[in-house]
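Positions in the sequence shown are counted from 1; adding 210 to them yields our numbering.
The block underneath contains the structure these notes are about, expressed in structure tokens.
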Amino acid sequence: MLVSKTRQGEWVSLAEKHNQEMLKEIRRKEIFFCPECGEQVILKIGSKRIAHFAHKAGSVCAESYERESDYHLRGKLLLYKWLDSLGLKPILEPYRQEISQRPDISFVYEDVQYAIEYQCSVIPEELFVKRTNNYLQANITPIWIISGKNIKRKGSNKAALSSFDYLFLSKSSTEQWHMPSFCPDTKTLITLHSILPVTVKNVITKFSIIDLDKAQLIDLLNPSWKQQVRLNDWQIEIRKEKNISPLYGTSQNKFLQDLYKHSLIPALLPPEIGLPVTNAPFIETSVLKWQSYLLMDVFHHRRPFSMKEVVHVFRKRMQKGDIQIRTLPLVKKGNDLEAVKEYIQLLVKVNYLKVVDHYYFQVVRNRYAETYVEQEKMQTDFYQEYGKIIYKHLNKLQ
Numbered sequence: 211m212l213v214s215k216t217r218q219g220e221w222v223s224l225a226e227k228h229n230q231e232m233l234k235e236i237r238r239k240e241i242f243f244c245p246e247c248g249e250q251v252i253l254k255i256g257s258k259r260i261a262h263f264a265h266k267a268g269s270v271c272a273e274s275y276e277r278e279s280d281y282h283l284r285g286k287l288l289l290y291k292w293l294d295s296l297g298l299k300p301i302l303e304p305y306r307q308e309i310s311q312r313p314d315i316s317f318v319y320e321d322v323q324y325a326i327e328y329q330c331s332v333i334p335e336e337l338f339v340k341r342t343n344n345y346l347q348a349n350i351t352p353i354w355i356i357s358g359k360n361i362k363r364k365g366s367n368k369a370a371l372s373s374f375d376y377l378f379l380s381k382s383s384t385e386q387w388h389m390p391s392f393c394p395d396t397k398t399l400i401t402l403h404s405i406l407p408v409t410v411k412n413v414i415t416k417f418s419i420i421d422l423d424k425a426q427l428i429d430l431l432n433p434s435w436k437q438q439v440r441l442n443d444w445q446i447e448i449r450k451e452k453n454i455s456p457l458y459g460t461s462q463n464k465f466l467q468d469l470y471k472h473s474l475i476p477a478l479l480p481p482e483i484g485l486p487v488t489n490a491p492f493i494e495t496s497v498l499k500w501q502s503y504l505l506m507d508v509f510h511h512r513r514p515f516s517m518k519e520v521v522h523v524f525r526k527r528m529q530k531g532d533i534q535i536r537t538l539p540l541v542k543k544g545n546d547l548e549a550v551k552e553y554i555q556l557l558v559k560v561n562y563l564k565v566v567d568h569y570y571f572q573v574v575r576n577r578y579a580e581t582y583v584e585q586e587k588m589q590t591d592f593y594q595e596y597g598k599i600i601y602k603h604l605n606k607l608q
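Right, dumping it as structure tokens:
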């Protein structure tokens, strides 16, 4: 902690400028208490970590269970000073008694109360959701920022996101996916944006890196970008996914068993299976899998079908455990079915489906390659013909 109370009820904030000698003098004269639980806390002053308050061993305070690293303390302090430099008069570690929570920082902007949670360690999803809902019920807008060291970059336009990382995902006013992070070592605000999931973990994305002293509040509250992911990156990654699917296993892989029952081979799936859709983050199952299930359950039958039928088979696969969806507590609009409907709309745009009598869809073409070389050519031709349409579709929805 960076804030405590004295016996007289006076606040002591370590965000203020104190040298070590001054802090040691204060420590000799004062006794400090946790603003949340009222227990006595210790002012720790060392050379390796910044000065902070800590509960005594055996404390029952909820705050004591999340031991803050020096990385976390430095990050929180830098974010506080940045907001202060913007004239927002932030409050460090304010205790909100009505919800029994203490965010790292709070501030008011345009009559909206915000609470920043700078998270450097993994916490249970249930706790993340509970804290978020408590803020919202108290009419406080939460801003969850993940630590920069937790970002697992796998290339200039690729990252690996865990199920915990996805909890930080939110949407801007222009419907762009983004995930904010901050690194106190480099003093940079790092934002992942235009996020397109390829597998359960791997995503194609863009990285926006801004020095904190040059960042504006909008870069945190409502960021936007003109530069989108390259469609060529998607083609490469989805091609890899189709090729390595058989390596996931055979006899015990239910997905592969289902494909083989329908005489389908992952590497020879048509290019229309594995298309990028902006609402895909709502679905945890990989794009290739859930779109393949629609191929097997709906498109493969070569008969007219309704959106209601598509939704029904999708939900049925969820009940079987074949498809999993994600919890995205910071996203107010959208759900997994938006991704499914978007995919159907995209298939109409690329002439794989046609609309029949306004309510039904019909497969126009159902081409299957017989060799890997043939499939490669089909995919190349497909993206040459429809690449611009797919790109415009993605950008229009973002």
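Backbone N, C-alpha and C fix where the C-beta goes; we use that ideal spot for every residue, glycine too.
query: Roughly how many whole angstroms lie between the Cα atoms of Trp-387 and Leu-233?
result: In the sequence shown, the residue the question calls residue 387 occupies position 177. In the sequence shown, the residue the question calls residue 233 occupies position 23. So the two alpha carbons sit approximately 43 Å from each other.
- prompt: Excluding the five sequence neighbours on either side, which residues of its own chain have a C-beta within less than 8 Å of the C-beta of Lys-208, listed in chain order?
  reply: This structure does not reach residue 208, given that the chain is present from 211 up to 608, and the question cannot be answered.
field: Selection from Asn-489, Gln-445, Leu-563 that minimises the alpha carbon distance to Lys-587
entry: In the sequence shown, counting from the first residue as 1, residue 587 sits at position 377. Closest option to Lys-587, Cα to Cα, is Gln-445.
message: Considering only their Cβ atoms, is the gap separating Leu-479 from Lys-452 smaller than 7 Å?
response: For this step, residue 452 is matched to residue 242 along the sequence shown. For this step, residue 479 is matched to residue 269 along the sequence shown. Result yes, Cβ atoms of Lys-452 and Leu-479 sit closer than 7 Å.
message: Quick check on the DSSP output: the alpha helix (DSSP H) that includes Ile-448 runs from which residue to which?
response: Residue numbering aside, residue 448 sits at position 238 when the sequence shown is read from its first letter. Taken as a continuous stretch (DSSP letters only), the alpha helix (DSSP H) holding Ile-448 covers 441 to 454.
query: With a CB to CB cut of under 7 Å and the five nearest residues on each side skipped, what residues in its chain are close to Ser-382?
result: The residue you call residue 382 lines up with position 172 of the sequence shown. If we look at Ser-382 and ignore the five residues flanking it on each side, its Cβ neighbours are His-388, Asn-432, Pro-433, Ser-434.
query: Among residues of its own chain, excluding the 5 on either side of Asp-591, which ones have a beta-carbon nearer than 7 Å to its beta-carbon?
result: Counting from 1 along the sequence shown, the entry for residue 591 is found at position 381. Result list for Asp-591: empty, nothing under 7 Å.
message: Could you check whether the segment 565 to 574 touches the segment 403 to 422, counting it as contact only if at least three pairs of C-beta atoms, one from each stretch, sit closer than 8 Å?
response: The segment 565 to 574 makes no contact with the segment 403 to 422: fewer than 3 CB pairs, one atom from each, lie closer than 8 Å.
query: When burial is assigned at 16 or more other CB atoms within 10 Å of the CB, is Thr-401 buried or exposed?
result: In the sequence shown, counting from the first residue as 1, residue 401 sits at position 191. By the neighbour-count criterion, in which 16 or more other beta carbons inside 10 Å mark a residue as buried, Thr-401 falls on the buried side.
query: Are the beta-carbon atoms belonging to Tyr-596 and Val-560 less than 7 Å from one another?
result: Your numbering for residue 596 matches position 386 in the sequence shown. Your numbering for residue 560 matches position 350 in the sequence shown. In this structure, Val-560 lies closer than 7 Å to Tyr-596 by Cβ.
- request: Could you give the DSSP three-state label for Ser-383: helix, strand or coil?
  value: For the purposes of this step, residue 383 is taken as residue 173 along the sequence shown, with counting starting at 1. Coil, per DSSP.
- request: Grab the span of the beta strand (DSSP E) containing Phe-317 for me, first residue to last.
  value: Taking the first residue of the sequence shown as 1, we reach residue 317 at position 107. That run of the beta strand (DSSP E) goes 315 to 319.
- prompt: Leaving out the 5 sequence neighbours to the left and right, which residues in its chain are closer than 7 Å to Ala-370 when beta-carbon positions are compared?
  reply: Here residue 370 refers to the residue found at position 160 when the sequence shown is read from its first residue. Around Ala-370: Lys-362, Lys-364, Lys-411, Asn-412.
field: Inter-residue CB distance, Tyr-319 and Leu-224 (contact presumed, cutoff 8 Å)
entry: Taking the sequence shown and counting its residues from 1, the one referred to as residue 319 is at position 109. Taking the sequence shown and counting its residues from 1, the one referred to as residue 224 is at position 14. No, Tyr-319 and Leu-224 are not in contact; Cβ-Cβ is about 24 Å, not under 8 Å.
field: Stretch pair the segment 496 to 507 + the segment 388 to 397: three plus CB contacts closer than 8 Å
entry: They do not touch, by the three-pair rule.
- prompt: What are the boundary residues of the beta strand (DSSP E) that His-262 is part of?
  reply: The residue given as residue 262 occupies position 52 in the sequence shown. Note, His-262: beta strand (DSSP E), 262 to 265.
query: Excluding the five sequence neighbours on either side, which residues of its own chain have a C-beta within less than 7 Å of the C-beta of Glu-293, listed in chain order?
result: Here the question's residue 293 lines up with position 83 in the sequence shown. With the sequence shown as reference, residue 293 is identified as Leu, and Glu is not the correct amino acid for it. The residues are Pro-300, Ile-315, Phe-317.
query: Which term fits Tyr-275, buried or exposed, when burial requires 16 or more other beta carbons within 10 angstroms of its beta carbon?
result: In the sequence shown, the residue the question calls residue 275 occupies position 65. Low confidence applies to Tyr-275: its pLDDT is 47, below 50, so where it sits in the model is not reliable, and the reading given next is rough at best. Taking all protein chains in view, the Cβ of Tyr-275 is surrounded by fewer than 16 other Cβ atoms within 10 Å, so the residue is classified as exposed.
message: Quick check on the burial criterion: 16 or more other C-beta atoms within 10 angstroms. Buried or exposed for Val-332?
response: Here residue 332 corresponds to residue number 122 of the sequence shown, with the count starting at 1. Val-332 comes out exposed.
Val-487 beta carbon less than 7 Å from that of Tyr-578: Here residue 578 corresponds to residue number 368 of the sequence shown, with the count starting at 1. Here residue 487 corresponds to residue number 277 of the sequence shown, with the count starting at 1. In this structure, Val-487 does not lie closer than 7 Å to Tyr-578 by Cβ.
message: Residues in the same chain with beta-carbon distance under 8 Å from Pro-539, minus the five sequence neighbours each way, listed in chain order, please.
response: Taking the sequence shown and counting its residues from 1, the one referred to as residue 539 is at position 329. Around Pro-539: Phe-338, Val-339, Thr-342, Asn-343, Leu-377.
field: Beta-ladder partner(s) of Gly-365, from DSSP
entry: Within the sequence shown, residue 365 is the residue found at index 155, counting from 1. DSSP output for Gly-365 lists Lys-368 as bridge partner(s).
field: Where Ser-473 falls, given that 16 or more other Cβ within 10 Å makes a residue buried
entry: Against the sequence shown, residue 473 aligns to sequence position 263. With fewer than 16 other Cβ atoms within 10 Å, it is exposed.
- prompt: According to the neighbour-count rule (16 or more other Cβ atoms, all chains shown, within 10 Å of its Cβ), is Glu-246 buried or exposed?
  reply: Within the sequence shown, residue 246 is the residue found at index 36, counting from 1. Glu-246 is buried by the Cβ-count criterion.
message: With a threshold of 7 Å between beta carbons, is Lys-450 in contact with chain B?
response: The structure shown contains no chain B; it is built from a single protein chain.
query: Any idea what DSSP makes of Lys-416, helix, strand or coil?
result: Numbered from its first residue, the sequence shown carries residue 416 at position 206. Secondary structure of Lys-416 (DSSP, three-state): strand.
query: Taking just the CA atoms, how far does Phe-242 sit from Leu-212?
result: The residue given as residue 212 occupies position 2 in the sequence shown. The residue given as residue 242 occupies position 32 in the sequence shown. Looking at the two C-alpha atoms, the distance is approximately 11 Å.
message: Please return the same chain residues whose Cβ sits closer than 8 Å to the Cβ of Ser-279, not counting the five positions on each side in sequence.
response: Taking the sequence shown and counting its residues from 1, one reaches residue 279 at position 69. So the qualifying residues of the chain are Cys-330, Ser-331.
message: On the DSSP bridge list, what partners appear for Ala-325?
response: For the purposes of this step, residue 325 is taken as the residue at position 115 of the sequence shown. For Ala-325, the beta-bridge partners assigned by DSSP are Ser-316, Pro-352.
message: So within the segment 534 to 562, which uninterrupted beta strand (DSSP E) runs reach at least 3 residues, ignoring any that extend past its ends?
response: none
message: Among the candidates Gln-323, Asp-375, Gln-347, Gly-358, whose CA atom is the shortest distance from the CA of Glu-335?
response: Residue numbering aside, residue 335 sits at position 125 when the sequence shown is read from its first letter. Considering only alpha carbons, the answer is Asp-375.
message: Taking 6 Å as the limit between beta carbons, can you name the residues of its chain near Leu-283, skipping five residues before and five after?
response: Your numbering for residue 283 matches position 73 in the sequence shown. Here the set comprises Ile-260, His-262.
field: Rounded separation between Ser-516 and His-522 - CA only
entry: Working through the sequence shown from its first residue, we reach residue 516 at position 306. Working through the sequence shown from its first residue, we reach residue 522 at position 312. Approximately 10 Å, taken between the alpha carbons.
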